[in-house]
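Visitor: Residue numbers (this note's numbering): 18 to 300.
Ideal Cβ placement from N, Cα and C applies to all residues, glycine included.
1) Starting from the Cα of residue 271, find the closest Cα among 161, 90, 138 and 202 and give me that residue.
2) Checking 8 Å against the spacing of the C-beta atoms, do residue 221 and residue 170 come in under that value?
3) Let me check one thing: in DSSP terms, what residues is residue 120 bridge-paired to?
4) For the 8 Å Cβ check, are there 3 or more pairs between the region 272-284 and the region 224-243?
5) If we call anything under 8 Å between Cβ atoms a contact, is residue 66 one with residue 28?
6) Please identify the residue among 237, 30 and 149 whose C-alpha is closest to the C-alpha of residue 261.
7) If the criterion is Cβ atoms closer than 8 Å, does the pair residue 68 and residue 103 meet it?
8) Mind checking which residues open and close the alpha helix (DSSP H) that includes residue 271?
9) Are three or more beta carbon pairs between the region 103-117 and the region 197-215 nearer than 8 Å?
10) Could you work out which residue in 165, 174, 87 and 107 is closest to residue 58 when comparing CA atoms only?
11) What runs of the beta strand (DSSP E), each 3 residues or longer, lie entirely inside the region 144-173?
12) Can you tell me which of the three DSSP states residue 264 falls into?
13) Starting from residue 212 and walking both ways along the alpha helix (DSSP H), at which residues does that stretch end?
14) Under 8 Å: do the region 208-221 and the region 18-36 share three or more Cβ pairs, one atom per stretch?
15) Mind checking residue 109: buried by the 16 CB within 10 Å criterion, or exposed?
16) Less than 8 Å separating the beta-carbons of residue 269 and residue 189?
17) Starting from residue 20, follow the alpha helix (DSSP H) in both directions and report where the run begins and ends.
18) Report buried or exposed for residue 40, applying the criterion of at least 16 other Cβ atoms within 10 angstroms of its Cβ.
19) Using only alpha-carbon positions, find the residue among 256, 224 and 121 that is nearest to residue 239.
20) CB-CB under 8 Å to residue 186, same chain, minus the five flanking residues each way: which ones, in chain order?
21) Taking the C-alpha atoms as reference points, what is the distance between residue 42 and residue 241?
22) With DSSP as the reference, label residue 47 as helix, strand or coil.
23) Measure the C-alpha to C-alpha separation of residue 158 and residue 243 and round it to an integer number of angstroms.
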């Protein structure tokens, strides 16, 4: 994973060289590129599929361009590839196997929910205490935001809500995998969770680097083309900008920051569980 990040850094740095060209210089040879485009990069599509970005998860305009520019054998290869396991599928299976969050003698998530409820009640009291200094609309907005936060936390523990969000494409990981990933982030300082934490961080870094590359590409296209269509027939800058915003794979991991709480408020783990997390665990 670290090597992938280094390679991504090299790719992104190449854009600095390309951006040294002026739009007028680009126009001198742009027509020679037509109809070639990034849509014909089979290997980039393979990388996206292997990470977990499937055709049915793309925006409609992206689905139209995804296979349309490829030769028939390449289309068939990519469609066959989508039938296999992706990195996010393997991540989900790995997270679901983590043994520490569900034990008979310690209800961690019950303790966590109680802590969160106390925090949110404290936030509500703070808002009410300050209502004399807030305009009516401001008070209404803050209370609405607090209620939205409550519903977000509720979606973490209600399997039906979580599955509904997954069906709508707003979440990709199962509820169990999501909870275990959150546990890793909350207790990343425990010896046995350090490496899992590093893996999750690296996956987010890789996703971020791909987003950076796509966004830099979009900005460069805007700089070179303005509002002209791309060489492959897409809407150019607008299409690339949309792809940068929508084609992220590990959004579930990024969104876990919503559920982090201060270390001082973390539930205290029982000694027996702490011992297991100190490389003494025997499954």
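Guide: According to the data block:
1) 202
2) no
3) 123
4) no
5) no
6) 237
7) yes
8) 268-272
9) yes
10) 87
11) none
12) coil
13) 211-242
14) yes
15) buried
16) yes
17) 19-35
18) exposed
19) 256
20) 74
21) 9 Å
22) helix
23) 38 Å
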